[in-house]
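Let me begin by presenting the structure, written as structure tokens, before commenting on it.
In structure tokens form, the structure reads like this:
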């Protein structure tokens with residue numbers, strides 16, 4: 007074992023290089039094969055970087071995660087940071103609240119090892135000053151390292167979005183034990199449908215805002231190969247968007263099974279719609295109650311859903327299916343992006359932690375104004391960019407990070423049951439009590 011100092015764009019790396027001989031009978035020319043194993047968060051991911059010639063030498067290069075993050079190249083600028091600082095005076099998003107000229111100057115010349123820059127991260131928030139219904143985050147990650155390289159901006163944004171969660175001092179819990187759920191069956195007179203979804207990212211591949219065509223296709227290959235191993239009530243098949251007719255796509259979209267091409271400027275300005283529909287698709291089981299979206303906002307979106315109010319059954323299927331998907335991904339030699347401080351790593355900081363959104367479509371003709379105190383969101387049934395119309399709402403958990411999956415689903419169940427009880431009282435002409443803000447134990 008030999009030690010080498012290697013300088014990459016002004017950043018020193020120390021590598022342990024293991025060299026061993028391989029006898030060649032083909033040529034006297036040496037073969038050099040470089041394999042970099044990036045120990046991201048303590049778990050190695052191997053990539054073959056370079057191979058040429060034919061012969062007798064193989065070298066392995068091993069970088070720790072900290073070394074890998076520090077290996078980000080420097081962005082060369084013609085103008086000073088003060089000249090490049092974006093005009094955020096009319097903006098109302100989390101990024102704009104925390105991107106001071108000093109923070110911009112500190113970070114604007116940094117880049118992740120994949121070349122993702124601060125300007126790449128904030129562009130969607132610069133182009134979209136505000137949102138009509140929800141204060142948006144205003145920035146995205148291009149890879150797992152983004153959250154470390156640009157931590158001076160991501161950390162305060164995460165604290166604001168996630169109810170004061172501090173990524174440097176707190177740890178995120180994970181709990182997929184669905185047996186802990188209580189009172190998870192709603193009255194179907196009020197609850198029309200129930201769903202639980204999350205996102206997962208494949209470690210070692212860039213996230214959708216920064217991925218190349220080849221990386222996006224690799225995500226599709228890895229995920230589809232793994233999903234082919236699902237059995238029983240989870241078994242199904244994959245449908246690539248490029249192979250669907252327009253009529254088939256629209257029917258799946260109308261049935262709330264499939265995502266449409268991003269038209270929201272929040273997504274398009276972050277690069278989510280590039281090369282559409284290349285390497286995008288949907289996998290679902292035969293009953294269409296367990297689905298996986300591929301290469302939308304995240305590498306994958308895992309969804310359990312069904313008509314009616316049986317949230318307990320939906321969550322049980324979600325937990326069982328998600329565990330099985332992760333097992334199959336790992337069998338193929340891959341893994342999900344995760345660390346104990348931020349939980350599961352996803353494109354938008356709003357989805358860090360569990361990435362979980364448990365929601366119902368609920369009909370509440372007399373009740374619609376007490377949701378914020380319950381830490382619940384009210385959306386139109388068409389999604390994040392739609393306002394609630396009439397008396398049917400999409401109700402879901404507001405939090406993602408700092409609470410476990412079981413805690414968040416139970417929060418939704420308790421909140422929805424409370425709303426139903428309030429609706430019943432209003433139907434009878436009785437008064438209701440607006441609850442105090444919810445605090446987690």
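Numbering (my numbering), first residue to last: 7 to 447. Note that beta-carbon positions come from the ideal geometry of N, C-alpha and C, so glycine has one too.
When burial is assigned at 16 or more other CB atoms within 10 Å of the CB, is residue 152 buried or exposed?
Here residue 152 refers to the residue found at position 146 of the chain shown. Answer is buried; the Cβ neighbour count reaches 16.
Environment of residue 436 [buried if 16+ CB atoms lie within 10 Å]:
By 1-based counting over the chain shown, the position of residue 436 is 430. It is exposed - the Cβ of residue 436 has fewer than 16 other Cβ atoms within 10 Å.
Apart from the five residues on each side of it in sequence, which residues of its chain come closer than 6 Å, Cβ to Cβ, to residue 417?
Taking the chain shown and counting its residues from 1, one reaches residue 417 at position 411. 403.
Any idea if residue 434 is buried or exposed, counting beta-carbon neighbours within 10 angstroms, 16 or more meaning buried?
Looking up residue 434 in the chain shown gives position 428. By the neighbour-count rule (16 or more Cβ atoms within 10 Å), residue 434 is not buried but exposed.
Curious, which full-length alpha helix (DSSP H) runs of at least 4 residues does the stretch 198-251 contain?
219-233
Own chain partners of residue 241 with C-beta closer than 8 Å, once the 5 adjacent residues on each side are dropped
As a working note, residue 241 is residue 235 in the chain shown. Excluding sequence neighbours, residue 241 sits near 291 and 292.
Looking at the structure shown, is residue 153 part of a helix, part of a strand, or coil, going by DSSP?
Counting from 1 along the chain shown, the entry for residue 153 is found at position 147. Helix.
What is the C-beta distance between residue 114 and residue 81, in whole angstroms, given that I count them as a contact (C-beta under 8 Å)?
Here residue 114 corresponds to residue number 108 of the chain shown, with the count starting at 1. Here residue 81 corresponds to residue number 75 of the chain shown, with the count starting at 1. With 8 Å as the limit, residue 114 and residue 81 qualify as a contact, their Cβ atoms being about 7 Å apart.
Distance check for residue 194 and residue 413, CA to CA, integer angstroms please.
The residue labelled residue 413 in the question sits at position 407 within the chain shown. The residue labelled residue 194 in the question sits at position 188 within the chain shown. Taking the CA atoms as reference points, residue 413 sits about 23 Å from residue 194.
Quick one: what does DSSP say residue 136 is sitting in, helix, strand or coil?
Numbered from its first residue, the chain shown carries residue 136 at position 130. It is coil, neither helix nor strand.
Give the DSSP-derived three-state secondary structure of residue 177 in the structure shown.
Position 171 of the chain shown, counted from the first residue, corresponds to residue 177. In the displayed model, residue 177 falls within coil according to three-state DSSP, outside both helix and strand.
Out of 87, 422, 342 and 225, which one is the CA nearest neighbour of residue 204?
Taking the first residue of the chain shown as 1, we reach residue 204 at position 198. It is 342.
In the DSSP assignment, what are the bridge partners of residue 117?
Locating residue 117 in the chain shown gives position 111, counting from the first residue. Beta-bridge pairing links residue 117 to 123.
Which residue wins for smallest C-alpha separation from residue 335, given the options 187, 185, 232 and 141?
Residue numbering aside, residue 335 sits at position 329 when the chain shown is read from its first letter. Closest by alpha carbon: 232.
What number of angstroms, rounded off, separates the C-alpha of residue 319 from the C-alpha of residue 187?
Here residue 319 is taken as the residue at index 313 of the chain shown, counted from 1. Here residue 187 is taken as the residue at index 181 of the chain shown, counted from 1. Answer to the nearest angstrom: the Cα atoms are 10 Å apart.
Near residue 323, which residues of its chain fall below 7 Å by C-beta distance, leaving aside the five closest residues on each side in sequence?
For the purposes of this step, residue 323 is taken as residue 317 along the chain shown, with counting starting at 1. Annotation for residue 323: 295, 296 and 310 place their beta carbon closer than 7 Å to its own, counting only its chain and skipping 5 residues before and after.
Leaving aside the five residues before and after residue 196 along the sequence, list all residues of the same chain whose C-beta is less than 6 Å from its C-beta, in chain order.
Taking the chain shown and counting its residues from 1, one reaches residue 196 at position 190. Result list for residue 196: 368, 369 and 426, in chain order.
Distance between residue 430 and residue 157 (C-alpha atoms, nearest Å)
Here the question's residue 157 lines up with position 151 in the chain shown. Here the question's residue 430 lines up with position 424 in the chain shown. Those two C-alpha atoms are separated by around 47 Å.
As assigned by DSSP and simplified to three states, the class of residue 423
For the purposes of this step, residue 423 is taken as the residue at position 417 of the chain shown. If DSSP states are grouped into helix, strand and coil, residue 423 belongs with the helices.
Does the Cβ of residue 371 have 16 or more other Cβ atoms within 10 Å, making it buried, or fewer, making it exposed?
Here residue 371 refers to the residue found at position 365 of the chain shown. Exposed, by the Cβ-count rule.
Under 9 Å between C-beta atoms of residue 230 and residue 244:
The residue given as residue 230 occupies position 224 in the chain shown. The residue given as residue 244 occupies position 238 in the chain shown. Here residue 230 is near residue 244, since their CB atoms are less than 9 Å apart.
Rounded straight-line distance, which links the Cα of residue 329 to that of residue 350
Position 344 of the chain shown holds residue 350. Position 323 of the chain shown holds residue 329. Cα to Cα, residue 350 sits roughly 14 Å from residue 329.
Using a Cβ-Cβ cutoff of less than 7 Å, which residues in the same chain neighbour residue 149 once the five nearest sequence positions on both sides are dropped?
For this step, residue 149 is matched to residue 143 along the chain shown. Closer than 7 Å at the Cβ level, and outside the excluded window around residue 149, lie 118, 120, 122, 212, 213 and 216.
When DSSP labels each residue in this structure, what does residue 290 get in the three-state scheme?
The residue given as residue 290 occupies position 284 in the chain shown. Reduced to three states, the DSSP call for residue 290 is strand.
If you follow the beta strand (DSSP E) that residue 404 is in, where does it begin and where does it stop?
Position 398 of the chain shown, counted from the start, is the residue given in the question as residue 404. Taken as a continuous stretch (DSSP letters only), residue 404 belongs to no beta strand (DSSP E), as it is neither H nor E.
Could you tell me if residue 440 is buried or exposed, where buried requires 16 or more neighbouring beta carbons within 10 angstroms of its beta carbon?
The residue labelled residue 440 in the question sits at position 434 within the chain shown. Exposed: under 16 other Cβ atoms inside 10 Å.
Around the Cβ of residue 260, are there at least 16 other Cβ atoms within 10 angstroms (buried) or fewer (exposed)?
By one-based count along the chain shown, residue 260 stands at place 254. Exposed: under 16 other Cβ atoms inside 10 Å.
Please determine, among 274, 227 and 408, the residue with the shortest C-alpha to C-alpha distance to residue 130.
For this step, residue 130 is matched to residue 124 along the chain shown. Of the candidates 274, 227 and 408, the one whose C-alpha sits nearest the C-alpha of residue 130 is 274.
Supposed contact pair residue 143 and residue 99 - C-beta distance, whole angstroms, cut 8 Å
Working through the chain shown from its first residue, we reach residue 99 at position 93. Working through the chain shown from its first residue, we reach residue 143 at position 137. The Cβ separation is near 6 Å, so the contact holds.
Nearest-angstrom Cβ-Cβ length linking residue 304 and residue 353, presumed shorter than 8 Å
Taking the chain shown and counting its residues from 1, the one referred to as residue 304 is at position 298. Taking the chain shown and counting its residues from 1, the one referred to as residue 353 is at position 347. Residue 304 to residue 353, Cβ: 5 Å. Contact.
Kindly indicate which residue of 284, 445, 168 and 358 has the alpha-carbon position closest to the one of residue 221.
Within the chain shown, numbered from 1, the residue matching residue 221 stands at position 215. Of the listed residues, the one whose Cα sits closest to residue 221 is 284.
Cβ distance (whole Å) where residue 411 is taken to contact residue 182 below 8 Å:
Looking up residue 411 in the chain shown gives position 405. Looking up residue 182 in the chain shown gives position 176. 6 Å between Cβ atoms; contact.
Is residue 195 helix, strand or coil when you go by DSSP?
Numbered from its first residue, the chain shown carries residue 195 at position 189. Correct three-state label for residue 195: coil.
Are the CB atoms of residue 106 and residue 206 nearer to each other than 9 Å?
The sequence position of residue 106 within the chain shown is 100, counting from 1. The sequence position of residue 206 within the chain shown is 200, counting from 1. No. Outside cutoff.
Could you name the residues that DSSP lists as bridge partners for residue 334?
The residue given as residue 334 occupies position 328 in the chain shown. DSSP, once it has assigned bridges, lists no residue as partnering residue 334.
Beta-carbon proximity list for residue 92, same chain, < 6 Å, skipping 5 on both sides:
Residue mapping note: residue 92 aligns to position 86 of the chain shown, counting from 1. So the qualifying residues of the chain are 132.
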